[in-house]
Each structure stands twice: as C-alpha cells, then as structure tokens.
Amino acid sequence: MLRNVMIVLWVTATLLVAGGFAELAKARKSPGDGSDRMGFNYGGKPKVDAPPVPKDDKEKQALAALAEMAKGKWYLNITTREGRVLRQLVETTGAKRIVEIGTSSGYSTIWLAMGARAVGGKVFTHEIDPEKIKIARANFKKAGVDDLITIIKGDAHETVKQHKDKGQIDAVFLDAEKKGYVDYLAQLLPLVRPGGLILGHDMHPPMPDPRYIEAITKNPDLDTSFIMMESFGISMTVKKR
Ligand SMILES: C[S@@+](CC[C@H](N)C(=O)[O-])C[C@H]1O[C@@H](n2cnc3c(N)ncnc32)[C@H](O)[C@@H]1O
0 MLRNVMIVLW
10 VTATLLVAGG
20 FAELAKARKS
30 PGDGSDRMGF
40 NYGGKPKVDA
50 PPVPKDDKEK
60 QALAALAEMA
70 KGKWYLNITT
80 REGRVLRQLV
90 ETTGAKRIVE
100 IGTSSGYSTI
110 WLAMGARAVG
120 GKVFTHEIDP
130 EKIKIARANF
140 KKAGVDDLIT
150 IIKGDAHETV
160 KQHKDKGQID
170 AVFLDAEKKG
180 YVDYLAQLLP
190 LVRPGGLILG
200 HDMHPPMPDP
210 RYIEAITKNP
220 DLDTSFIMME
230 SFGISMTVKK
240 R
C-alpha cells in the first residue's frame with residue numbers, strides 16, 4: 000500500500016516538474032514578436048502587431064523582399080518588430096545620413112533604407128565579411144533599395160573614419176561585434192548631430208558590454224532608454240542639443 004502511494008507521489012512530482020520546464024521553455028521562445036529568443040522562426044504570428052501594409056509599389060517590393068529573407072537562413076539579423084521600429088525612428092526623426100555597423104545579409108539595412116527613402120536620406124552600412132556583402136547586395140536589389148545604400152567594406156573600426164568631414168550623421172545603428180561598441184561610439188559620437196540618435200542592438204543580457212552601457216548612461220550629453228527588452232533589446236540614445 001505504502002509502496003503504491005509512494006509511486007503515485009513520485010509520478011505526480013515528476014509530471015509537475017516536467018510541466019514547469021515546458022512552461023519555462025515556452026516563455027523563452029515567445030518574446031512576442033513572432034521570433035524566438037535567438038531570432039529564429041520569424042514565420043510565427045506576432046501577438047499584438049498587424050503586418051505592415053504597403054503604401055506604394057516601392058514599399059510593397061521592399062516588404063516582399065524582407066518577408067522572403069525572414070523565411071530563409073538566419074544571418075544574426077534583427078527581428079521583424081525591431082526592423083519596423085528602426086524604420087519608424089529613422090522616418091520620425093527625419094534622419095538623412097544613417098550609419099549602420101554590421102550589415103550581415105542586409106535585413107536591418109533594408110528597414111533603415113525604407114525610413115530613409117521617406118525623408119530623402121541614405122544609409123551607409125559597414126561590413127567586414129565579403130560573403131555577407133554579396134548576399135546583402137543581392138537583397139538590396141531585390142528590395143529595390145540599392146540606390147539608397149552604400150556598403151563600406153572592411154573593418155569598421157578603420158572604415159568609420161571615412162565619415163569625418165562628410166557632414167553630420169543623423170542616426171547610428173550598432174550591430175557588429177559587441178566588444179566593439181565602445182570604440183564605434185567614441186569615433187562616431189563627435190560626428191552625430193545634436194538631437195541625433197545612436198541605437199545599439201543586443202542590449203538584453205548577457206550580450207551588452209558593461210563599458211558601453213556605462214558610456215551611454217553616465218554621459219550628461221546623452222540620454223538613453225532601453226526598448227524592446229522582451230526580445231534582443233535596443234538602446235536608444237539621443238545626443239542632447
Ligand atoms: C549581428 S550581424 C548584423 C545583423 C544585421 N544588422 C541585421 O540585423 O540584418 C553582425 C555583423 O557584423 C559584422 N562585423 C563584425 N565585426 C565587424 C567589424 N569589425 N567591422 C565590420 N563588420 C563587422 C559581422 O560580419 C556580421 O555580419
């Protein structure tokens with residue numbers, strides 16, 4: 000009898016523990032934007048957002064290319080929700096000169112370019128990997144945004160120097176190696192216009208470099224909010240006027 004009671008208790012406890020782990024796993028896989036924590040499974044349904052509705056043929060072409068990319072291989076790209084927010088930030092701030100560090104296959108660049116097109120802007124995107132540059136170039140063509148984007152090849156720690164004396168930068172998006180953010184910020188901040196934006200991807204632990212967090216939160220010339228932290232997380236920093 001006692002043996003049977005022990006078995007029932009043991010089975011119940013095992014089921015409860017397994018259920019708890021299943022719930023945890025589900026929570027980790029549901030940042031609420033249709034992608035899981037690692038950015039896979041873009042095909043999932045967003046819980047809140049409705050899909051973007053194209054205004055014209057150009058936007059339709061760009062959105063179609065983005066949808067195709069999201070279904071294909073993952074190149075450490077941002078999520079769809081993050082892309083939409085990038086585009087919205089660029090468009091609402093009227094950012095004309097946008098610098099991105101870390102192009103990869105160009106998913107985030109296309110979102111930035113959509114915002115840039117609305118305000119007569121351009122995106123300068125830096126990438127070190129020649130294979131990814133090839134893929135990105137083809138994607139920009141497919142999306143119909145290649146005329147809005149300049150790809151700058153090479154180590155961005157060196158190539159960002161090209162932005163000196165080329166006019167003020169309105170928005171920066173950092174999405175290359177995380178340990179590099181501090182140097183990118185140090186080099187680009189003097190070139191960002193007052194009122195300009197510096198956005199940093201992967202602010203969700205454990206990715207951010209504490210030195211970068213310190214640099215954007217302790218400097219009295221800057222004001223930073225952390226947004227979309229339920230997913231990869233973006234730091235949104237304004238260079239005060
Ligand atoms: C996270 S991926 C960028 C994803 C892209 N922003 C998107 O969401 O579609 C990071 C990219 O940064 C590039 N990268 C890493 N270190 C770099 C460096 N020092 N200079 C330029 N690009 C670099 C990598 O090759 C990689 O393609």
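Residues in the sequence shown are numbered consecutively from 0, following numbering that gives the first Met the number 0.
Yeah, the Cβ is synthetic: ideal placement off N, Cα and C, and Gly gets one too.
Local Cβ density within 10 Å of residue i, reported as buried at 16 or more and exposed below that
i      : result
THR149 : exposed
THR91  : exposed
GLU81  : buried
THR216 : exposed
ALA49  : exposed
LYS70  : exposed
VAL52  : exposed
LYS238 : buried
ARG240 : exposed
GLY194 : exposed
GLY119 : exposed
GLU22  : Since pLDDT at GLU22 reaches only 37, below the 50 mark, its modelled position is unreliable, and the value read off the structure follows with that caveat. That one is exposed.
Alpha carbon of residue i to alpha carbon of residue j, nearest angstrom
i      : j      : result
TYR211 : GLN60  : 36 Å
ASP222 : SER103 : 28 Å
TYR180 : LEU196 : 15 Å
ALA115 : ASP169 : 11 Å
ARG86  : GLY93  : 11 Å
LEU88  : LYS54  : 18 Å
MET202 : ARG136 : 27 Å
LYS57  : ALA117 : 11 Å
LYS160 : ILE151 : 11 Å
VAL171 : PRO209 : 19 Å
LYS133 : GLU213 : 35 Å
ASN76  : LEU190 : 26 Å
THR108 : GLU229 : 22 Å
MET68  : ARG83  : 15 Å
PRO204 : ASP146 : 36 Å
ALA66  : GLU176 : 25 Å
ILE226 : ILE233 : 5 Å
PHE39  : LYS72  : Its pLDDT being 39, under 50, PHE39 is placed unreliably in this model, and the value from its coordinates should be taken loosely. Near 9 Å, if we compare the C-alpha coordinates of LYS72 and PHE39.
ALA64  : PRO129 : 21 Å
LYS178 : LEU198 : 15 Å
THR78  : ARG192 : 27 Å
Presumed contact (8 Å Cβ cut-off) between residue i and residue j, rounded CB distance
i      : j      : result
SER224 : MET235 : 5 Å
ASN138 : GLY166 : Wrong, their Cβ atoms sit about 27 Å apart, outside the cutoff.
HIS200 : ASP174 : 4 Å
LYS131 : TYR74  : 7 Å
One or two residues paired with residue i in a DSSP bridge
i      : result
SER230 : Beta-bridge pairing links SER230 to no other residue.
ARG96  : LYS121
LYS238 : LEU221
ILE168 : VAL191
THR91  : Answer is none; THR91 lacks a bridge partner.
LEU196 : ALA170, VAL237
GLU126 : LYS152
Okay, do the region 96–106 and the region 114–130 touch, 3+ Cβ pairs below 8 Å being the bar? Touching, yes.
Flag this pair as touching only if the region 153–165 and the region 184–197 have three or more C-beta atom pairs under 8 Å; answer yes or no. Judged by Cβ distances under 8 Å, the region 153–165 makes contact with the region 184–197, as three or more pairs qualify.
How about the region 105–112 and the region 140–147: do they share at least three Cβ pairs that are nearer than 8 Å? Yes, the region 105–112 touches the region 140–147.
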